[in-house]
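Residue numbers (this note's numbering): 1472 to 1883.
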């Protein structure tokens, strides 16, 4: 209860929310003198070995996920036969509250938040953890506007098959359930993709993709109804954004993105497209750069979001110009590489990261050029690569290639 002292250290100050299995409190850590969040398993479940094991697993799953878009676990324990987990305190609101307050979000903002959440989920999937309850309620927005995925309460390791919350158990929230999850089948990373697609649909339209009067009807619609188009609710949205939502929410897992990293790259491409159209919301965190896994703390005087966006944009333009000039100047009339001079042989190398494929319809392209392979271009592994489609001659298309960026503006 509010006012209790947990483990002689955590003072419960306010009930933040309560669910079927647990309650979350805002608390104060007297030892480290900071605010924290504490999830406490309801007393009736603390006596059930399966629920205690699921709760313990949540703490273990998140404790190994250190990423700026995942809420950090600080501590775990038992107090008077009640299980608890201590998290970093994220002041702010969740995405559900944001949509209820604002309605459909600006396109750039919605894509940026989905991109950040996807980055956190991709990191979890890389470490063998599936969330299984991705929804707007479980994505917090901190004071700087950064999205952080939380509540891995029914998460499962991809490497474990110990009978807990396995096939046959329908867990998750009905408005965001993947069809295979609604049917009680085994779930994996692609199931989180589906739920994230439903989340993005709500951010863009202000409503869930399959409104229903009850859980059963919602589950049946997820399994049987065609994926709704976001362009019906917002005609100004691009076909690329619509295609992304449709693919993420494909009924069959094999029709979704091959990996969550591929979904992250597709979101980056959509964000870039929105910027090129000028359809952003003033530069509020619609960054397409994936956050580092261990970011430095914000220092006084550090650039704000608007300044960072401007710096990134200038850097991107510089790199794009340099790459274009470099491609033209390093080949002779037969398309063969030319030997360069070595006047800059001692110059420092410039690190660039491939952001997305680029195949503009205006130049005769179809809008996509092997996006799933884009990260291979700059992954540092010479045995992997990105490739274009096949063309009869080099000049048959205008502008096909890669979009690259440097971390900051740099003279090449």
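Virtual Cβ for every residue (Gly too), placed ideally from N, Cα, C.
Please read these numbers as outputs of a predicted model, since none were measured by experiment.
Residue environment, residue i, which counts as buried when at least 16 other CB atoms sit within 10 Å
i, result
"residue 1748", "exposed"
"residue 1474", "exposed"
"residue 1472", "exposed"
"residue 1731", "buried"
"residue 1664", "buried"
"residue 1727", "buried"
"residue 1657", "exposed"
"residue 1860", "exposed"
"residue 1565", "buried"
"residue 1856", "exposed"
"residue 1591", "buried"
"residue 1589", "buried"
"residue 1676", "buried"
"residue 1505", "exposed"
"residue 1579", "buried"
"residue 1819", "exposed"
"residue 1490", "exposed"
"residue 1771", "The pLDDT assigned to residue 1771 is 39, lower than 50, so where the model puts this residue is not dependable, and the model offers no usable value."
"residue 1519", "exposed"
"residue 1853", "exposed"
"residue 1573", "exposed"
Spatial neighbours of residue i in its chain, beta-carbon cut-off 7 Å, leaving aside the 5 residues before and after
i, result
"residue 1535", "1598"
"residue 1690", "1645, 1648, 1653"
"residue 1480", "1500, 1501, 1502"
"residue 1683", "1689, 1692"
"residue 1885", "Absent from the model: residue 1885. The displayed extent of the chain is 1472 to 1883, so no value can be given."
"residue 1486", "1473, 1494, 1496"
"residue 1478", "1548, 1550"
"residue 1830", "1836, 1837, 1838, 1839, 1840, 1871"
"residue 1673", "1570, 1607, 1679"
"residue 1667", "1585, 1588, 1589, 1592, 1605, 1719"
"residue 1492", "1512, 1513, 1516, 1522, 1624"
"residue 1696", "1681"
Bridge partner(s) assigned by DSSP for residue i
i, result
"residue 1875", "1825"
"residue 1553", "1550"
"residue 1559", "1507"
"residue 1494", "1489, 1511"
"residue 1524", "None; residue 1524 has no bridge partner."
"residue 1541", "1620"
"residue 1611", "1565, 1619"
"residue 1499", "1482, 1506"
"residue 1477", "1481"
Minimum C-alpha distance to residue i - residue among the options
i, options, result
"residue 1698", "1690, 1689, 1716", "1716"
"residue 1482", "1590, 1555, 1830, 1851", "1555"
"residue 1571", "1608, 1583, 1881, 1586", "1608"
"residue 1851", "1563, 1660, 1825, 1737", "1825"
"residue 1734", "1709, 1671, 1545", "1671"
"residue 1510", "1568, 1497, 1522, 1504", "1497"
"residue 1739", "1620, 1508, 1586, 1728", "1586"
"residue 1707", "1575, 1667, 1594, 1522", "1575"
"residue 1621", "1821, 1559, 1849, 1582", "1559"
"residue 1702", "1695, 1696, 1694, 1713", "1713"
"residue 1583", "1842, 1737, 1847, 1876", "1737"
"residue 1875", "1700, 1543, 1845", "1845"
"residue 1544", "1507, 1525, 1577", "1507"
"residue 1879", "1823, 1488, 1489, 1573", "1823"
"residue 1724", "1873, 1694, 1704", "1694"
"residue 1821", "1853, 1881, 1842", "1881"
Residues of its chain near residue i, where Cβ-Cβ distance is below 6 Å and the 5 sequence neighbours each way are ignored
i, result
"residue 1623", "1529, 1532, 1533, 1602"
"residue 1517", "1552, 1553, 1554"
"residue 1476", "1482"
"residue 1596", "1660, 1731"
"residue 1634", "For residue 1634, the pLDDT reaches just 35, beneath the cut-off of 50, and the residue's location in the model is therefore unreliable, leaving the point undetermined."
"residue 1488", "1495"
Close beta carbons around residue i, own chain, < 8 Å, minus the five adjacent residues each side
i, result
"residue 1613", "1561, 1562, 1563, 1619"
"residue 1709", "1741, 1744, 1745, 1748"
"residue 1686", "1645"
"residue 1842", "1733, 1736, 1737, 1740, 1827, 1828"
"residue 1594", "1536, 1538, 1540, 1541, 1764"
Proximity test, residue i beta-carbon vs the ligand HEM heavy atom, cut-off 7 Å
i, result
"residue 1695", "Ligands displayed in this structure: none; no statement on the ligand HEM is therefore possible."
*Going along the chain, which unbroken runs of the alpha helix (DSSP H) with 4 or more residues stay wholly within the stretch 1565-1595?*
The DSSP assignment places complete alpha helix (DSSP H) segments of no fewer than 4 residues inside the stretch 1565-1595 at 1566-1573, in order along the chain.
- Task: Quick one: which unbroken alpha helix (DSSP H) runs of 4-plus residues sit fully inside the stretch 1668-1710? Chain order, please.
- Result: Listed in chain order, the complete alpha helix (DSSP H) runs (minimum 4 residues) inside the stretch 1668-1710 are 1686-1695, 1701-1704.
Checklist entry - Going along the chain, which unbroken runs of the alpha helix (DSSP H) with 4 or more residues stay wholly within the stretch 1703-1747? => result Taken in chain order, the complete alpha helix (DSSP H) segments of 4 or more residues contained in the stretch 1703-1747 are 1710-1719.
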